[in-house]
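Number of protein chains: 2
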Amino acid sequence: MTKKTVKKAATKAAAPRGRPSSRESMLDAAEAVVVQQGAVRLTLDAVAKQAGVSKGGVMYHFPSKEALLQALVTRAMERSYIARTRLQPDSPAPGDILRAYVQASVGDPLGNLRVSSALLAVVASDPTLMAPVREFFSKRLPSIAPGVPFERAAIVHLATEGLWLMDLFGASPFTKKQRTQVVKLLGELAGNGGTLP
Amino acid sequence: MTKKTVKKAATKAAAPRGRPSSRESMLDAAEAVVVQQGAVRLTLDAVAKQAGVSKGGVMYHFPSKEALLQALVTRAMERSYIARTRLQPDSPAPGDILRAYVQASVGDPLGNLRVSSALLAVVASDPTLMAPVREFFSKRLPSIAPGVPFERAAIVHLATEGLWLMDLFGASPFTKKQRTQVVKLLGELAGNGGTLP
DNA sequence: TTTTCTGTGCCGACCAGACGGTATAGTAAT
DNA sequence: ATTACTATACCGTCTGGTCGGCACAGAAAA
Numbered sequence: 000m001t002k003k004t005v006k007k008a009a010t011k012a013a014a015p016r017g018r019p020s021s022r023e024s025m026l027d028a029a030e031a032v033v034v035q036q037g038a039v040r041l042t043l044d045a046v047a048k049q050a051g052v053s054k055g056g057v058m059y060h061f062p063s064k065e066a067l068l069q070a071l072v073t074r075a076m077e078r079s080y081i082a083r084t085r086l087q088p089d090s091p092a093p094g095d096i097l098r099a100y101v102q103a104s105v106g107d108p109l110g111n112l113r114v115s116s117a118l119l120a121v122v123a124s125d126p127t128l129m130a131p132v133r134e135f136f137s138k139r140l141p142s143i144a145p146g147v148p149f150e151r152a153a154i155v156h157l158a159t160e161g162l163w164l165m166d167l168f169g170a171s172p173f174t175k176k177q178r179t180q181v182v183k184l185l186g187e188l189a190g191n192g193g194t195l196p
Numbered sequence: 000m001t002k003k004t005v006k007k008a009a010t011k012a013a014a015p016r017g018r019p020s021s022r023e024s025m026l027d028a029a030e031a032v033v034v035q036q037g038a039v040r041l042t043l044d045a046v047a048k049q050a051g052v053s054k055g056g057v058m059y060h061f062p063s064k065e066a067l068l069q070a071l072v073t074r075a076m077e078r079s080y081i082a083r084t085r086l087q088p089d090s091p092a093p094g095d096i097l098r099a100y101v102q103a104s105v106g107d108p109l110g111n112l113r114v115s116s117a118l119l120a121v122v123a124s125d126p127t128l129m130a131p132v133r134e135f136f137s138k139r140l141p142s143i144a145p146g147v148p149f150e151r152a153a154i155v156h157l158a159t160e161g162l163w164l165m166d167l168f169g170a171s172p173f174t175k176k177q178r179t180q181v182v183k184l185l186g187e188l189a190g191n192g193g194t195l196p
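These protein sequences, in sequence, are chains H and P. Residue numbers for the first sequence follow numbering that gives the first Met the number 0, beginning at 0 and rising by one. Residue numbers for the second sequence follow numbering that gives the first Met the number 0, beginning at 0 and rising by one.
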């Protein structure tokens, strides 16, 4: 019945003290459940099963489901922030940060699927938990496009989010080639040089 | 003893002619529940309560929850389509349809909130039901922008969806003034004349 | 006209299972 | 012994779904 797996031994030693890997793997499991079964089936049992632990194990790390959702949204924002800043040059020219944001948002569809799944689960379960996300979103645009004209930054930002949305719904109307083309154009528009055909 | 005559054709071309009241009001109730409480709380009981009927009454019109979700997504697409085509001129010039789409997507935030809530409930509950929506989305862009260069149409389309997403999350980074400015710019870009600052 | 029949629309009680959460006993390593 | 973690059992509530029945409209029969 219950398979006692010992697979967590891998990262335990490598991980710095204080941040055990099982917690992270449970968050991974939660995202996987959302991707595979939908947000309403994100239950503690489902997370436990997916993570290969018991429900008690999940409850130990997350005292309530709300705590799980909160951790989910926190990690999603962290990842989103990290993915963006990692691509940033040390001394950015105007448009560089915006371009890094575009790349981070569309460059890793699978990673972004996880982020969006986490957010999806949160809006679906408890919209009030989205407050920090709202703030995160609201502050993003201003911080993202120094030296870029407002309208240009706004359009690039919105279009990037739109592409993200399409991925979330799996409803992109673009072929691979078209998508590449659009992404390239977004990158050019992020700099001040690009123009629209 | 209730003989269930199979005469009841499912939600096909059944136009809401004869009975606009109950069924529609239940769908309204479902959307209201999602808006107010989140998609996971979209239960048959909640819909019944919101609509002021009993659960049995809901089950009479929608034999299963899946049927309810399906009706929800169908109506959402219909509304979205209607809202767009209503703004269309009789003999559209290049860019007119695209501009009508922008206006429809951005002009009625409250109506769009209902549409997006319905879709949100569906992705959350059963992602597989989104298939028709995907098709709807995929066919929209090509049909929307005849005579407009692909890249331009793509950017306008994506940015509009992005704005829609921001509204859905209640996370618009724009002030009212800025939003108006962006919408205006989108309208200009929809025609072939607009340029980016 | 009055009575009987029939189908529609809805109700309320109920069920089996799933849900979030609690309590507790256990293991392995420090 | 303490700490860090896991597993099992259980509880009260909620879930989607079933079922028998009620009210009422209109058609049919008297």
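Note that CB positions come from ideal geometry on N, CA and C, so glycine has one too.
| field | Contact set between the stretch 22-42 of chain H and chain P, restricted to residues whose Cβ is under 7 Å from the partner | value | Residues of the stretch 22-42 of chain H that bring their beta carbon within less than 7 Å of a beta carbon in chain P comprise Gly37, Ala38, Val39, in sequence order.
| Counting only beta-carbon atoms, is H:Val122 nearer than 8 Å to chain P? | The count along the first sequence starts at 1 and reaches residue 122 of chain H at position 123. Chain P contact via Cβ: present.
| task | Output yes or no for whether 8 Å exceeds the beta carbon distance between H:Leu26 and H:Arg85. | result | Mapped onto the first sequence, residue 26 of chain H falls at position 27. Mapped onto the first sequence, residue 85 of chain H falls at position 86. No; because the gap between Cβ atoms is not below 8 Å, this pair is not in contact.
| message | Tell me the rounded alpha-carbon separation between P:Val138 and P:His156. | response | For this step, residue 138 of chain P is matched to residue 139 along the second sequence. For this step, residue 156 of chain P is matched to residue 157 along the second sequence. Checking the sequence shown, residue 138 of chain P turns out to be Lys, not Val. So the two alpha carbons sit approximately 12 Å from each other.
| Using a Cβ-Cβ cut-off of 7 Å (strictly less than) and excluding sequence neighbours within five positions of P:Ala189, which residues of its own chain qualify? | Numbered from 1 along the second sequence, position 190 holds the residue referred to as residue 189 of chain P. Answer for P:Ala189: Gly94, Leu97, Arg98, Val101, Val155, listed in chain order.
| Exposure label - H:Thr127; buried when at least 16 CB within 10 Å | Indexing the first sequence from 1 puts residue 127 of chain H at position 128. When all chains shown are included, H:Thr127 counts as exposed.
| Just the Cα atoms here: how many angstroms apart are H:Gln69 and H:Val121? | Residue 69 of chain H sits at position 70 when you count from the first residue of the first sequence. Residue 121 of chain H sits at position 122 when you count from the first residue of the first sequence. One C-alpha to the other measures close to 8 Å.
| query | Does the beta carbon of P:Ser137 come closer than 8 Å to any beta carbon on chain H? | reply | Position 138 of the second sequence holds residue 137 of chain P. So, interface residue.
| message | So the candidates are H:Asp44, H:Arg78, H:Val57, H:Asp107; which of them puts its Cα closest to the Cα of H:Val132? | response | Start at 1 with the first residue of the first sequence, and residue 132 of chain H comes out as number 133. Per the Cα distances, H:Arg78.
| query | Considering only the beta carbon of each residue, do H:Val52 and P:Val39 sit closer than 8 Å? | reply | Position 53 of the first sequence, counting from 1, holds the residue named residue 52 of chain H. Position 40 of the second sequence, counting from 1, holds the residue named residue 39 of chain P. No, the pair does not count as a contact, with Cβ atoms beyond the cut-off.
| field | Coarse secondary structure for P:Gly37, derived from DSSP in three states | value | Sequence index remark: in the second sequence, residue 37 of chain P carries index 38 (1-based). Note: P:Gly37 maps to coil in three-state DSSP.
| task | Grab me the residues of P:Ser24's own chain with a C-beta within less than 8 Å of its C-beta, minus the 5 sequence neighbours each way, in chain order. | result | What you label residue 24 of chain P is simply residue 25 of the second sequence in a count that begins at 1. Within the same chain, Ala50 come within 8 Å of P:Ser24 by CB-CB distance, once the 5 residues on both sides are set aside.
| CB-CB under 6 Å to H:Leu67, same chain, minus the five flanking residues each way: which ones, in chain order? | For the purposes of this step, residue 67 of chain H is taken as residue 68 along the first sequence, with counting starting at 1. Excluding residues within five positions, the ones whose Cβ falls inside 6 Å are Phe61.
| message | Can you check which of these residues, H:Lys54, H:Val181, H:Glu150, is closest to P:Thr179 by C-alpha distance? | response | Numbered from its first residue, the second sequence carries residue 179 of chain P at position 180. Among H:Lys54, H:Val181, H:Glu150, the Cα nearest to that of P:Thr179 belongs to H:Glu150.
| request: Helix, strand or coil for P:Leu67, going by three-state DSSP, please let me know. | output: By 1-based counting over the second sequence, the position of residue 67 of chain P is 68. In the three-state reduction of the DSSP assignment, P:Leu67 falls in the helix class.
| said: Taking a contact to mean a Cβ-Cβ separation below 8 Å, would you say P:Leu162 touches P:Val105 in this structure? | reply: By 1-based counting over the second sequence, the position of residue 162 of chain P is 163. By 1-based counting over the second sequence, the position of residue 105 of chain P is 106. Less than 8 Å divides the Cβ of P:Leu162 from the Cβ of P:Val105.
| task | Report yes if the CB atom of H:Phe136 is closer than 8 Å to the CB atom of P:Pro108, and no otherwise. | result | Here residue 136 of chain H refers to the residue found at position 137 of the first sequence. Here residue 108 of chain P refers to the residue found at position 109 of the second sequence. At a Cβ-Cβ threshold of 8 Å, H:Phe136 and P:Pro108 do not count as neighbours.
| chain H beta carbons: is any one of them nearer than 8 Å to that of P:Ile154? | The residue you call residue 154 of chain P lines up with position 155 of the second sequence. Yes, contact with chain H.
| request: Over the uninterrupted alpha helix (DSSP H) stretch that includes H:Thr234, give me the two end residues. | output: Absent from the model: residue 234 of chain H. The displayed extent of chain H is 0 to 196, so no value can be given.
| message | For a cutoff of 8 Å on Cβ pairs, would you count P:Ala99 as touching chain H? | response | For the purposes of this step, residue 99 of chain P is taken as residue 100 along the second sequence, with counting starting at 1. No, P:Ala99 does not count as interfacial toward chain H.
| query | Once you ignore the five residues that flank H:Ala47 on each side, which residues in its own chain have a CB closer than 7 Å to its CB? | reply | As a working note, residue 47 of chain H is residue 48 in the first sequence. Here the set comprises Ser53, Lys54, Gly56, Val57.
| said: Strictly below 7 Å CB to CB, what residues from chain P border H:Met129? | reply: Looking up residue 129 of chain H in the first sequence gives position 130. Within chain P, the residues near H:Met129 are Phe168.
| H:Thr242 versus chain P: which residues are under 7 Å apart at the beta carbon? | Coverage of chain H is limited to positions 0 through 196, which leaves residue 242 of chain H absent and any answer about it impossible.
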